[in-house]
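Going line by line, the protein sequences match chains A and B. Counting in our numbering, the first sequence runs without a single skipped number right up to 96 at its last residue. Counting in our numbering, the second sequence runs without a single skipped number right up to 486 at its last residue. Structure, as structure tokens:
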Amino acid sequence: MKISPEEVAKVAKLSRLDLPQDKLELFAGQLGDILDYMDKLGELDTENVEPMFSPVKHTTVLRKDEVRKEYSREEVLSNAPKQDGQFFIVPRIV
Amino acid sequence: MSDLYMKTLSEMAGLLQSGEVKVAEAVKDCLSRIEATEPQVKALITVMGEEAMKEAETLDAAGPDANKPLWGVPIVLKDLLATKGTKTTCASKILEDFVPFYDGTAVAKLKEAGAVIIGKSNMDEFAMGSSTENSAFMQTANPWDTDRVPGGSSGGSGATVAAGQCYAALGTDTGGSIRLPASFCGIVGLKPTYGRVSRFGLIAYGSSLDQIGPMTRSVEDSARVLQVIAGHDPKDSTSVDVEVPDYLAALGREDLNGVTIGLPEEYWGEGLDTEVEEACKAAVAKMEALGAKTVPVKLSLTDYAIATYYIIAMAEASSNLSRFDGVRFGHRNKDAEELVDMYTSSRTEGFGDEVQRRIIMGTYVLSSGYYDAYYNKAAKVRRLLREDFDKAFEQCDLIAGPVCPTTAFKAGDKADPLQMYLMDIFTISCNLAGLPGMSLPVGLGKDSGMPVGLQFMGPAFCEDKMLSIAECLERHLDPMPMAAL
């Protein structure tokens, strides 16, 4: 399956990535080859097969509804590129 | 005592418990070994010399503790396991300065067992790769031949153990990332059943595939480390509440009578290098001589495993890596003037090529027009692959085959991503099915002189049986030498 540099750019934008033209062209060729390879799954009849998303059966795990403080605000903010001791700071939206 | 680094973890744990070796001596010896070998091998992103010596002094002052099975043993962690107060980078620029304020569960368990963490190992960025060439910081070399790769993505963990820099390392295995570097570096690598070891504190790549496991110089060492890190963890909803058996008690069997080993024809045919085939077949013949029966089994969907794996892994990666937006942690572009530009420029600067490629691919296969054709289809094939294994295990206790069609290749040899993905052909199905697998070194390739690993795969939660069979075989093979560095 062929994928164009324009399609790669569109998906990259959805992924919040901004790639230069040479990389878009490189990725388009590589992703086309990978998709060609992946298309071999079409050979298998899976019409009545239930998809398996995880090897274990997930159940909804709810902890007790109790207030607890495992980490301090200082800890939670400690890796933020920008913070004011109270909140994460990001560029203005409006 | 000289050459402490040549000891196995089990030997060192015994020497430390008996007081024959002080923890400070063991740590110093490892740090000296790191100093001597690291310029060639480049296995470690962070060396925790000061912290490790401080911890050694504390342990020595308190004295040996028989209730702590890894008391004083120096251990290395793959750099995607969260370590409180120590950088955890995932070998990525985007997490270059990230210092977690908590320990992952496996890390906390090692510390509770008395282990001394001496470093964080290099890896493919976010565990995406099969060679440890994709790190943002450096390429790790194979201690057996520094022109060759150590395998990936836990290549730093494999190389640090093979180079004698520590007594064990933790790696993670999403599609073979423990078993491949173990095979390439001539050590034992165990990928436990999905859910056996908590993933809390493991920075996720493919959440339904990732599993933490030990990389060691003997099977007994693997059993010791697994004993410590295995078990249910309420902090991880994918951790399974199944009793942990006594792995050490399972070791020491005299022979392999009553054991049936399945040999999948898909793993032993065309495309396998002669030297790998010869070494693996010799090991299987040894198992037969020890009393094991071998039977042919069919894993007929093996050819579809790589496509299935990469669709699922990339889809999960694109979702998992969306958390890196420059808001709460990680790299942020300093010039961005509005929010979306900040997300985009931070991610574009922070992620390397392979990570970007997989994020784009993952987003593509999850997009509305392609979800059914790719992701949903792959999830269905995944179930068929699991059923394939279930049928095979009706005929045998374990499956045996090579870990990889070749021994370690030269750095730069696999420049094409698809060519690199094909290296995982024998390891990937195991992750899709959530089953345990391990690599046992069975000798050196006749042509390359590089280590060859034999892979075992088994039914879910059969690690005790797998370790016991592998340890019996290990005892009857010629001892694996250490890499001559």
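Where is the CB? At the ideal position from N, CA and C, for every residue including glycine.
- Look at A/K42: its C-beta is under 7 Å from a C-beta on chain B.
- By a beta-carbon distance limit of 8 Å, B/D61 contacts B/A25. Their separation comes to about 6 Å.
- In this structure, DSSP gives B/S122 an extended state, which the three-state scheme calls strand.
- One thing to note: B/P101 has its Cβ no nearer than 7 Å to the Cβ of B/T90.
- A/K12: member of the alpha helix (DSSP H) spanning 7-16, first to last residue.
- Every beta strand (DSSP E) of 3 residues or more that sits fully in the stretch 73-129 of chain B is shown, in chain order, as 75-79, 117-122.
- Checking the DSSP bridge columns, you'll see B/T217 partnered with B/A169, B/V189.
- Assigned with DSSP and collapsed to three states, B/N135 falls in coil, not helix or strand.
- Within the DSSP bridge table, the entry for B/S440 names B/G190, B/Q456 as partners.
- In the three-state DSSP reduction, A/F90 falls in the strand class (E or B).
- With a cutoff of 7 Å on beta-carbon distance, B/V366 and B/I429 are scored as not near each other.
- In the structure shown, B/K381 falls within a helical segment according to DSSP collapsed to helix, strand and coil.
- In this structure, B/L436 sits away from B/M421, with a CB-CB distance that is not shorter than 7 Å.
- Within the model, the alpha-carbon separation for B/M129 versus B/Y372 is close to 22 Å.
- Collapsing the DSSP output to three states places B/K294 in a strand.
- With respect to the 7 Å criterion, B/R34 and B/G165 are classified as neighbours on the basis of their beta carbons.
- In the DSSP assignment, B/I360 falls within the unbroken alpha helix (DSSP H) covering 354-367.
- Not a single C-beta of chain A is nearer than 7 Å to the C-beta of B/N123.
- With respect to chain B, the C-beta atom of A/P22 has no partner C-beta closer than 7 Å.
- Taking 7 Å as the threshold, the shortest C-beta distance from B/S209 to chain A falls below it.
- Interface annotation for the stretch 88-102 of chain B against chain A: F99, V100, F102, criterion Cβ-Cβ distance under 7 Å.
- Cβ-Cβ separation between A/M3 and A/L37: approximately 4 Å, consistent with a contact (criterion under 8 Å).
- Counting other Cβ atoms within 10 Å of its Cβ, B/F185 reaches 16 or more and is therefore classed as buried.
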